[in-house]
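Each step along the sequence shown adds one to the number in my numbering, with nothing skipped, and position 297 is 539. From the three backbone atoms N, C-alpha and C, an ideal C-beta is built for every residue, glycine too. I have placed the structure first, in the form of structure tokens, so that the comments after it can refer back to it.
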Amino acid sequence: FGSIPALNAVKTDPITPLRQGGATVGGSSRTGRLLVMVQVALSLVLVVAATLFTGTLRDLKSQALGFNSSHVLGMALINRPDGYRGIDQVSYYRDLCERLAKVPGVRSVSSSSLPPVMPPFLPDQTVAAGDTAIGAQEILVAPGFFETMQIPLVAGRDFTFHDTAQTPRLAVLSESLARRLSVTVDQHVSLAGRDVQITGIVSDSGVGSLQKHNSSQVFTSTLQLESGPSTPYFLVRAAGVPTAMLAQQLSTEVESMGREYPIRIESMDRAIARALVQERLMASLGGGFGVLALILAVIGLYGLMSYTVVRRSRDIGVRLALGADPRGIVRMVVGEALTLVAAGLAMGIPAVYAASKTASAMLQGLNPLGVAPLAIASAVLLAAALLAAALPAHRAAKLDPMAALRE
């Protein structure tokens, strides 16, 4: 990029500038203008991307969860080698929950097979009642899950430790799923081909994936698995803000049972933040590249307009000597800058639409082809153009006509 202008300078016909008396009346080169327009077009794509990714993160963080994550600790466990040999796992987990509940500062204890908030990777299961079949998210939980997460029980009852693999299969449905299936407590539905009885109905919640949330949810008991309870993710609701001391006490109680190790203890708010790590990364990268592109566009436009003012100093001097209004000179320079930016925006809009197909998979509920992100990005670039052109325009309006004509 440095050698191309140098080569063009070498090819300049020496007679032309001599005939013009050393002063160039014309504007800047078409190549420079084209480069600035391309720069503005690429900046538009990046600024739109930054707006979309930031909006996605904001919407995911502000959506209603339907449960209370405050004062909840999540504790992931892993079994010791042969830790489950020779024991009744249902009795073991009942005893473990009772011991954890007796720790000072603990209000309730439960578990689930996976963290309540996780990245989207669980496939939906088919839940059918009569001729109606719906794709629902199946979530394996233990007794006390709804109390610990403070998800209101609308009808029926929660699971208990008496609901095991030897008793009839039970399920708790979300209100949305029960309403769509037109079923209520004690009725039966088919879950992935298995007959289950509805034991309760709970309010809709954001348990599962924040990114691809399905309000049709069916909760089943991890204690009713034929293979036995899976290694759980324990949930502990504290009476106040969970402390490091409370986490240490919970870890000690688990290890004292001699069956499992805690491998991670974290607040539920931190777990939610971890589930949004991809969106946070994309918002940070998009914002960083958008700001960088904006700065480069401002620098490029400022350089071009400064160069234009210097090259047209004699022309501007003549205009001022003939009585031109300095404000008209300012409007001329700023108008030229805005014209370049407008042309760059026109070039960038098709690029934004072309990139929208790639970006749409990472946007949650936001339309990549919406007017608002494009309007915001265009307004930012136009404001940046005014800023970049302001100083060269002011310098042009302050030119001394006689000094400009003597050069």
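Could you pull the start and end residues of the beta strand (DSSP E) that residue i belongs to?
| i | result |
| --- | --- |
| A370 | 367-371 |
| A662 | In the structure as shown, the chain starts at 243 and stops at 649, and residue 662 therefore has no counterpart that could be examined. |
| Q379 | 374-383 |
Considering only their Cβ atoms, is the gap separating residue j from residue i smaller than 8 Å?
| i | j | result |
| --- | --- | --- |
| F388 | D373 | no |
| I507 | L492 | yes |
| L412 | D405 | yes |
| A434 | T368 | yes |
| S285 | L582 | no |
| V396 | I443 | yes |
| N456 | A378 | yes |
| A525 | L467 | no |
| L307 | M499 | no |
| L342 | F403 | no |
| L587 | L623 | yes |
| I381 | G450 | yes |
| R512 | L299 | no |
| F718 | G398 | What is shown of the chain runs 243 to 649, which leaves residue 718 out entirely. |
| S352 | T390 | yes |
| G347 | L534 | no |
| Q281 | L538 | yes |
Quick check: does the Cβ of residue i come within less than 7 Å of any heavy atom belonging to the ligand GDP?
| i | result |
| --- | --- |
| A378 | This structure simply doesn't include the ligand GDP, nor any ligand for that matter. |
What is the C-beta distance between residue i and residue j, in whole angstroms, given that I count them as a contact (C-beta under 8 Å)?
| i | j | result |
| --- | --- | --- |
| V289 | A619 | 4 Å |
| P474 | S509 | About 18 Å; that fails the 8 Å criterion. |
| S350 | G316 | Not a contact, Cβ separation roughly 14 Å. |
| L319 | F476 | 6 Å |
| A627 | L562 | The Cβ separation is near 24 Å, so there is no contact. |
| A292 | G532 | 3 Å |
| V478 | V287 | With a Cβ gap of about 46 Å, V478 and V287 do not count as contacting. |
| A585 | M279 | 5 Å |
| P199 | Y544 | For the chain, the structure presents residues 243 to 649; residue 199 sits outside this window and is missing. |
| L518 | K303 | 7 Å |
| L294 | A601 | 6 Å |
Output the boundary residues of the alpha helix (DSSP H) element that contains residue i.
| i | result |
| --- | --- |
| S304 | 272-304 |
| I393 | Looking at the DSSP string, I393 is not in any alpha helix (DSSP H), and its letter there is neither H nor E. |
| P247 | 245-252 |
| T441 | Unbroken run through T441 is the beta strand (DSSP E), 436-444; no alpha helix (DSSP H). |
| S526 | 519-553 |
| R336 | 331-343 |
| S355 | Premise fails: S355 is in no alpha helix (DSSP H) and is neither H nor E. |
| A489 | 486-498 |
| S418 | 417-423 |
Using a Cβ-Cβ cut-off of 8 Å (strictly less than) and excluding sequence neighbours within five positions of residue i, which residues of its own chain qualify?
| i | result |
| --- | --- |
| E417 | V396, I443, V444, S445, D446 |
| M547 | V575, E578, A579, A630, A631, P634, A635 |
If you drop the 5 nearest sequence neighbours on each side, which residues of the same chain put their C-beta closer than 7 Å to that of residue i?
| i | result |
| --- | --- |
| Y326 | R501 |
| V540 | A626, L629, A630 |
| P256 | none |
| G264 | Residue placement at G264 cannot be trusted, given a pLDDT of 48 that sits under 50; what the coordinates show is reported in the next sentence. None. |
| P410 | Q439 |
| Q392 | F309, N310 |
With a CB to CB cut of under 6 Å and the five nearest residues on each side skipped, what residues in its chain are close to residue i?
| i | result |
| --- | --- |
| A638 | V551, I558, I571, V575 |
| R573 | none |
Next item on the list: Could you name each continuous beta strand (DSSP E) segment of 3 residues or more that falls completely within the stretch 452-480, going from the start of the chain to the end?
Entry: Qualifying beta strand (DSSP E) stretches, in chain order: 459-463, 475-480.
Next item on the list: Ignoring anything shorter than 4 residues or poking outside the stretch 562-635, list the alpha helix (DSSP H) runs there in chain order.
Entry: 568-601
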